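*Asks:* If you want my numbering, it's the position in the sequence shown, counting the first as 1, plus 9. First the structure, which I've put down as structure tokens, then a few questions once you've had a look.
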Amino acid sequence: MLSEKAVRAYAQTSAATAGVLKSYQLLVEKALTSLLRFRQDNHFSHRDLAQDIVAQIQHGLNLSFEASAWLYESLGIIWDSLEGGPEELNRAEDLLRQLRELLVEMQKK
Numbered sequence: 010m011l012s013e014k015a016v017r018a019y020a021q022t023s024a025a026t027a028g029v030l031k032s033y034q035l036l037v038e039k040a041l042t043s044l045l046r047f048r049q050d051n052h053f054s055h056r057d058l059a060q061d062i063v064a065q066i067q068h069g070l071n072l073s074f075e076a077s078a079w080l081y082e083s084l085g086i087i088w089d090s091l092e093g094g095p096e097e098l099n100r101a102e103d104l105l106r107q108l109r110e111l112l113v114e115m116q117k118k
């Protein structure tokens, strides 16, 4: 799993500008929205969730290769949770919420 320490370390690299952090935050928001939609919509399958999140990441690929790779790693927890039960989806949602809060906090600095 992605730790707060890993996020902070990446944020200190030259690639992590305020604009990149804002882009990360927006993509995390979209991933959270996808996850919530998945949980509320009986017709929204695991495959739909994966495709929705991949589409959101691809939309953000105007970021650098390094930034895009970091996004894939950050959101990878969702793929690990797709075949799991409610507890694993709860963990994915919690991680995304924590990541969102951290990105907001980092933008303030």
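By construction, the Cβ of each residue, glycine as well, lies at the ideal position given by its N, Cα and C atoms. Note that the structure is a prediction, hence the values are computed from the model and not measured.
Would VAL113 and GLN34 be called neighbours here (beta carbons separated by less than 9 angstroms)?
*Replies:* Cβ atoms of VAL113 and GLN34: closer than 9 angstroms.
*Asks:* Let's test the definition: count the other Cβ atoms within 10 Å of the Cβ of LEU105 and tell me whether it reaches 16, buried, or not, exposed.
*Replies:* buried
*Asks:* Could you check how far apart the C-beta atoms of GLU38 and ARG109 are, in whole angstroms? I think they sit under 8 angstroms.
*Replies:* 7 angstroms
*Asks:* Exposed or buried, which one is LEU45 when buried takes at least 16 other CB atoms within 10 Å?
*Replies:* exposed
*Asks:* When you compare only the Cα positions, how much space is there between GLN107 and PHE47?
*Replies:* 19 angstroms
*Asks:* Would the beta-carbon of GLU102 fall within 9 angstroms of that of LEU41?
*Replies:* yes
*Asks:* Have a look at LYS117 and LEU111 and give me their C-alpha separation to the nearest angstrom.
*Replies:* 10 angstroms
*Asks:* Taking just the CA atoms, how far does LEU36 sit from LEU70?
*Replies:* The predicted model places LEU70 with a pLDDT of 48, which falls under 50 and marks its position as unreliable; any figure quoted below should be read in that light. Distance from the CA of LEU70 to the CA of LEU36, rounded to the nearest whole angstrom, comes to 11 angstroms.
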